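Note that my numbering has the sequence shown beginning at 264, numbered continuously upward.
By construction, the Cβ of each residue, glycine as well, lies at the ideal position given by its N, Cα and C atoms.
From a predicted model like this one, the values you see are computed outputs, not experimental measurements.
Presented below is the structure to which this report refers.
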Amino acid sequence: MAADSGTQTVGVVGAGAMGRGIAQVAATGGCRVILYDARAEATADAIEFIGGMLDRAVQKERMTADDAGAAKGRLEAAKDMADFAGADVVIEAVSEDMELKSNVFAALEAATRPDCILASNTSSLSITRLAAACDRPDRVAGFHFFNPVPLMPLVEVIAGIRTEPEVIDRLVELGKVMGRTPVRVADAPGFLVNQVGRGYTLEATNLVDEGVSTFADVDAIMREAAGFRMGPFELLDLTALDVTHPATVEIYEQSYHEPRFRPAMLMGQRMQAGLLGRKTKQGHYVYEDGKQQRPEEPAAPEFEGGTFWVEPGDDAASLKEIVTASGARLDSGDKPGADSVILVSPLGLDATSHAARAALDATRTVAVDPLFGFKGRRTIMKTIVTSDEAMRAAHAMLACDGTPVTPIQDSPGFVAQRIVAMICAIGASVAQNRIATPDDVDRAVKLGLNYPNGPLEFADTLGVSRVVRILDGMAECSGDPRHRVGPWLRRRAALGVSATTQETPARG
Ligand code: NAD
264 MAADSGTQTV GVVGAGAMGR GIAQVAATGG CRVILYDARA EATADAIEFI
314 GGMLDRAVQK ERMTADDAGA AKGRLEAAKD MADFAGADVV IEAVSEDMEL
364 KSNVFAALEA ATRPDCILAS NTSSLSITRL AAACDRPDRV AGFHFFNPVP
414 LMPLVEVIAG IRTEPEVIDR LVELGKVMGR TPVRVADAPG FLVNQVGRGY
464 TLEATNLVDE GVSTFADVDA IMREAAGFRM GPFELLDLTA LDVTHPATVE
514 IYEQSYHEPR FRPAMLMGQR MQAGLLGRKT KQGHYVYEDG KQQRPEEPAA
564 PEFEGGTFWV EPGDDAASLK EIVTASGARL DSGDKPGADS VILVSPLGLD
614 ATSHAARAAL DATRTVAVDP LFGFKGRRTI MKTIVTSDEA MRAAHAMLAC
664 DGTPVTPIQD SPGFVAQRIV AMICAIGASV AQNRIATPDD VDRAVKLGLN
714 YPNGPLEFAD TLGVSRVVRI LDGMAECSGD PRHRVGPWLR RRAALGVSAT
764 TQETPARG
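If you want it as structure tokens, here you go:
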């Protein structure tokens, strides 16, 4: 077989959302493609669908008519798996069910040549376990594409414990032929991208469950302050809770209950209630004619001046500028005056603990999240006893320059700090556990999840020691081991080096 010639024969089992996308990019890349589905009509539908997609690419001038015609000519429907006899690689994309997939793999072993690679597009099942049920586990690997395949360039190439390195090399080359960016990943619960993705959606769900904020407010903060293209709850509505929650449970079980992957109770309950997302027209939002109905954001309170004292610290100068620019009075005393609203900007700590520790009057203390430089959207947080008056005054003052402000209840790490720090923690543990290289962790997360930065890049941009401080504060306040700092970040923060710093081999 010529691994990089583009003349390979690729079999695809399962012609659903993923199988048809995989078949399309394989055919476009020059492979001969044999598509099989247990339902013959699904195969026919998929071939027609792919033809339509290729026609659209021609209309949009992304492809020539000749190339589209040639790609269509390389696609054929299989009657049964015996048609895979000449395949170099078969990619399985049937429904996410271990027993079903094991049966498909057994049939593929019987139908294919001994040197044919058997790959699975599973999102969350163990490649090692799938392979273990095969006579030849060395030729089994994960080949994990993202939805919609033609638009998502990443493919994770996953080595099970007994996968031959040559199999991974051949799949990496095939991924390139298919126009993808392949990333080498060791078999691990949720592989690379779906591990890191848990940080975004689980921490967001947990903080709503704790009464810190609302779905719409969390989404707005993550989009407008932290720069994510989609808020976690809009994303969950798109992927659907009956896909995301069971995948989380699978990852949690496979990881022997790693606390960072502990499923969120609220997510499970909402799934059981049928609030799945866009597909049921009701999830974290209601959908009318496919359009998300966002609750209207209340207007900021009227600005009536006031006096603000800003606690000294790294972010005090920026906050003082905002106070002065608003026209409010800046209390420049060493200690807050009796009538001043007290502005603090903690990292990792909740407002209540911060006020208590600094011996500040908690009834007048309002915390402002400093992590993203007070830009885009500002988050203000109450202690458990902050007066409505102090919150209103801080909200109005901070909204004076037109920047939206979101008030939340007390939480160690506000909203954005908490969620981004969890993404950093999980990304760092992926690097620590040698699931992928630090560069690949960042590359895969940006391509597979569309985050503005990879997890280690986030740590470098925000400051590795600041991220460690946030996680330490969160862990101290919550007592939950899911917030703990792992050795990867702790060591890089201690030396003040980049979060992407990788050790050289111990034996030189
Ligand atoms: P899907 O339900 O759209 O398609 C599954 C197809 O498999 C169906 O057409 C079904 O008829 C067929 N099928 C079932 N049993 C079969 C059998 N024994 N032999 C042949 N065909 C059979 O599912 P999907 O969303 O395309 O997901 C497929 C796989 O890809 C799953 O493992 C899933 O976890 C993974 N995946 C899905 C996504 C996603 O966003 N949908 C992303 C990445 C990976």
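Check                                                                                                            : Outcome
E355 classed as buried or exposed, judged by whether at least 16 other C-beta atoms fall within 10 angstroms     : buried
Environment of T270 [buried if 16+ CB atoms lie within 10 Å]                                                     : exposed
Per DSSP, the bridge partner or partners of R447                                                                 : V420
Cβ-Cβ distance between S589 and M660 below 7 Å                                                                   : yes
Opposing strand residues paired with V607 [DSSP bridges]                                                         : A630
Contact set for I585: own chain, Cβ-Cβ below 6 Å, skip 5 residues either direction                               : none
Enclosing beta strand (DSSP E) for A756 [first to last residue]                                                  : First-last for A756: P750 to L758, but that is the alpha helix (DSSP H), not the beta strand (DSSP E).
Proximity below 7 Å, CB of A488 to CB of R640                                                                    : yes
Residue from L712, T767, A320 and P609 with nearest C-alpha to P416                                              : L712
Length of the line joining the Cα atoms of G474 and G315                                                         : 47 Å
Buried/exposed call for E574, threshold 16 Cβ in 10 Å                                                            : buried
Proximity test, V276 beta-carbon vs ligand 1 heavy atom, cut-off 6 Å                                             : yes
Cα-Cα separation between L455 and K364, rounded to whole angstroms                                               : 21 Å
Rounded Cβ spacing between R283 and A309 (contact assumed at less than 8 Å)                                      : 4 Å
Separation of T502 from R541, as counted between CA atoms                                                        : 8 Å
Check whether T763 and P715 have beta carbons under 7 Å apart                                                    : no
Beta-carbon proximity list for R681, same chain, < 8 Å, skipping 5 on both sides                                 : E466, L470, S674, P675, I733 and M737
Inter-residue spacing [alpha-carbon to alpha-carbon] between Q556 and D597                                       : 47 Å
Completely contained alpha helix (DSSP H) runs for the stretch 452–498, where each covers 4 or more residues     : 456–472 and 478–487
Short Cβ contact (7 Å threshold) for T570 with D602                                                              : yes
heavy atom of ligand 1 below 6 Å from M281 C-beta                                                                : yes
Limits of the unbroken alpha helix (DSSP H) element including A382                                               : Unbroken run through A382 is the beta strand (DSSP E), I380 to S383; no alpha helix (DSSP H).
Same chain only: Cβ atoms within 7 Å of R492, ignoring 5 sequence neighbours per side                            : N713
Cβ-heavy atom distance, E359 to ligand 1, below 6 Å                                                              : yes
Closer than 6 Å: A356 CB and nearest ligand 1 heavy atom                                                         : yes
Short Cβ contact (7 Å threshold) for A278 with L338                                                              : no
Close-in-space but distant-in-sequence residues of the same chain around H547 (CB under 6 Å, 5 per side omitted) : F478, F496 and D500
Contact test: V352 Cβ vs ligand 1 heavy atom, cutoff 6 Å                                                         : no
Simplified DSSP assignment, three categories, for A303                                                           : helix
Strand pairing of Y519, partner residues [DSSP]                                                                  : DSSP output for Y519 lists no bridge partner at all.
Test item: CB-CB of P718 and G759 under 7 Å                                                                      : no
Terminal residues of the alpha helix (DSSP H) in which A588 lies                                                 : A579 to S589
Whole-angstrom distance between A301 and E429, CA atom to CA atom                                                : 30 Å
Ligand 1 heavy atom lying under 6 Å from the CB of R231                                                          : As displayed, the chain neither begins before 264 nor continues past 771, which places residue 231 out of reach and without an answer.
Among V629, R729, G462 and A303, the one whose alpha carbon lies nearest that of E652                            : V629
G540 - containing alpha helix (DSSP H), residue span                                                             : Taken as a continuous stretch (DSSP letters only), G540 belongs to no alpha helix (DSSP H), as it is neither H nor E.
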